[in-house]
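Here the protein sequences come in this chain order: W and B. Take 779 as the starting number for the first sequence in the numbering used here and just add one per residue. Take 779 as the starting number for the second sequence in the numbering used here and just add one per residue.
There are 2 protein chains.
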Amino acid sequence: MNTELPAALHRQLQADSELSLPDYDVLVQLTDTAEARVRVLDLARALRWERSRLSHHIKRMENRGLVRREEVPGDGRGAFVVLTPAGRRTIEQAAPAHVRAVRRLIFDAVGEEELAALGAVLDKVLARLDEGAELPGV
Amino acid sequence: MNTELPAALHRQLQADSELSLPDYDVLVQLTDTAEARVRVLDLARALRWERSRLSHHIKRMENRGLVRREEVPGDGRGAFVVLTPAGRRTIEQAAPAHVRAVRRLIFDAVGEEELAALGAVLDKVLARLDEGAELPGV
DNA sequence: CCTGCATAGTTGACGTATCACCTAATACCT
DNA sequence: AGGTATTAGGTGATACGTCAACTATGCAGG
Numbered sequence: 779m780n781t782e783l784p785a786a787l788h789r790q791l792q793a794d795s796e797l798s799l800p801d802y803d804v805l806v807q808l809t810d811t812a813e814a815r816v817r818v819l820d821l822a823r824a825l826r827w828e829r830s831r832l833s834h835h836i837k838r839m840e841n842r843g844l845v846r847r848e849e850v851p852g853d854g855r856g857a858f859v860v861l862t863p864a865g866r867r868t869i870e871q872a873a874p875a876h877v878r879a880v881r882r883l884i885f886d887a888v889g890e891e892e893l894a895a896l897g898a899v900l901d902k903v904l905a906r907l908d909e910g911a912e913l914p915g916v
Numbered sequence: 779m780n781t782e783l784p785a786a787l788h789r790q791l792q793a794d795s796e797l798s799l800p801d802y803d804v805l806v807q808l809t810d811t812a813e814a815r816v817r818v819l820d821l822a823r824a825l826r827w828e829r830s831r832l833s834h835h836i837k838r839m840e841n842r843g844l845v846r847r848e849e850v851p852g853d854g855r856g857a858f859v860v861l862t863p864a865g866r867r868t869i870e871q872a873a874p875a876h877v878r879a880v881r882r883l884i885f886d887a888v889g890e891e892e893l894a895a896l897g898a899v900l901d902k903v904l905a906r907l908d909e910g911a912e913l914p915g916v
């Protein structure tokens, strides 16, 4: 399921818009903030992505005109990622169908109490992952 | 979780062997069959992979000497994927630590009845995915 | 000031995944 | 047999992710 569910959502997005699932995740983060402007590191944390991955992805999205980078006044190292008007238009156009797809594939299928049980299980495994972050000793 | 759990298992495999998680999955399928020899299409179905993906992956594994292709006597189009001795050695050496990691991250954390609940939820969503295979209408 | 270290972010190389398309062999149908 | 459709599998282009290494700025202690 952890491959086929994202794959299905990805295909739906591609069919209805020019966005990939990761594109969508990035844009959601940006629209969720007041200024549609986020520091790269904060964005990486919110998405639980590596900085490197985000950097590559932002570059691709920048080439397509969905976002752009901007300098940070106080800190010469930092960078903002900023939603462009085109980016905003794109996600606003793509969101409804995506939300419907998520509802149809998950929430219509599962039921509330099951969902809670699922959440509990996932949290436990995530906690395991965090505590054993230095895995390779097993 | 669907990104970080595979990522953790992947890192563990890489640390303890020269295998990636997909490599491991392929090798498991091969060792699970009597002759360590499987038709490409059967392998793709068992892994729930696209033929194309499998073809690319087999080529990479072939270059590393883990598997090799073999002709099918009756059918000039087909191909077997065959486990090489090196491939067998590699997976036998890698499996114990991987099994331990899976147990530690999942089965130690979750508990039997929760696991059953999890399975039920995943099955429902998978059923949704199959029935709505022609998604993009939403 | 200046040396050293930490932080923010980028880059290049490489493995992986998908898509659209291609080739060759087989099956089917008359 | 001859023509068409189907099936098995492979390929090239491109996007995605990770790792290791890099640049440049900031910052702290002497």
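Yeah, the Cβ is synthetic: ideal placement off N, Cα and C, and Gly gets one too. All values derive from a computational prediction rather than experimental measurement.
Span of the beta strand (DSSP E) around residue i
i: E892/B; result: It is not in any beta strand (DSSP E) - E892/B instead sits in the alpha helix (DSSP H) that spans E890 to E909.
i: V845/W; result: V845 to E849
Test: residue i CB closer than 8 Å to a CB of chain B
i: N780/W; result: yes
i: R815/W; result: no
i: L896/W; result: yes
i: L863/W; result: Checking the sequence, you will find Pro at residue 863/W rather than Leu. Cβ-Cβ to chain B under 8 Å: no for P863/W.
i: I884/W; result: yes
i: L783/W; result: yes
i: A887/W; result: yes
i: A786/W; result: yes
i: L797/W; result: no
i: L825/W; result: no
i: V804/W; result: no
i: L904/W; result: yes
i: V916/W; result: A caution first: V916/W carries a pLDDT of 42, below 50, which makes its placement in the model too unreliable to give a value.
C-beta contact flag for residue i and residue j at 8 Å
i: A786/W; j: L907/B; result: yes
i: L832/W; j: A824/W; result: no
i: V804/W; j: H835/W; result: yes
i: R878/W; j: E848/W; result: no
i: L783/B; j: M779/W; result: no
i: I872/W; j: D810/W; result: Ile is not the amino acid found at residue 872/W; the sequence shown has Ala there. No; because the gap between Cβ atoms is not below 8 Å, this pair is not in contact.
i: A895/W; j: A905/B; result: no
Span of the alpha helix (DSSP H), counted from its first residue to its last, around residue i
i: L825/B; result: V818 to L825
i: A875/B; result: P863 to V880
i: R838/B; result: R829 to N841
i: E782/B; result: E782 to D794
i: L797/W; result: Unbroken run through L797/W: none, as it is neither H nor E.
Presumed contact (8 Å Cβ cut-off) between residue i and residue j, rounded CB distance
i: V918/W; j: I869/B; result: This structure cannot settle anything about residue 918/W, because the visible part of chain W is limited to 779 through 916.
i: S798/B; j: Q807/B; result: The pair is not a contact, with the Cβ atoms about 15 Å apart (cut-off 8 Å).
i: Q790/W; j: A887/W; result: That belief does not hold up - the Cβ atoms of Q790/W and A887/W are roughly 15 Å apart, past 8 Å.
i: M856/W; j: R817/W; result: Note on residue identity: the sequence assigns Gly, not Met, to residue 856/W. Confirmed, Cβ separation roughly 6 Å.
Closer than 8 Å to chain W by CB, residue i
i: V899/B; result: yes
i: L907/B; result: yes
i: E892/B; result: yes
i: V845/B; result: no
i: L808/B; result: no
i: E912/B; result: Note that E912/B scores 48 on pLDDT, short of 50, meaning its location in the model is unreliable and no value can be drawn from it.
Closer than 8 Å is the cut-off here; do at least three beta carbon pairs connect the region 838-858 of chain W with the region 852-866 of chain B? no
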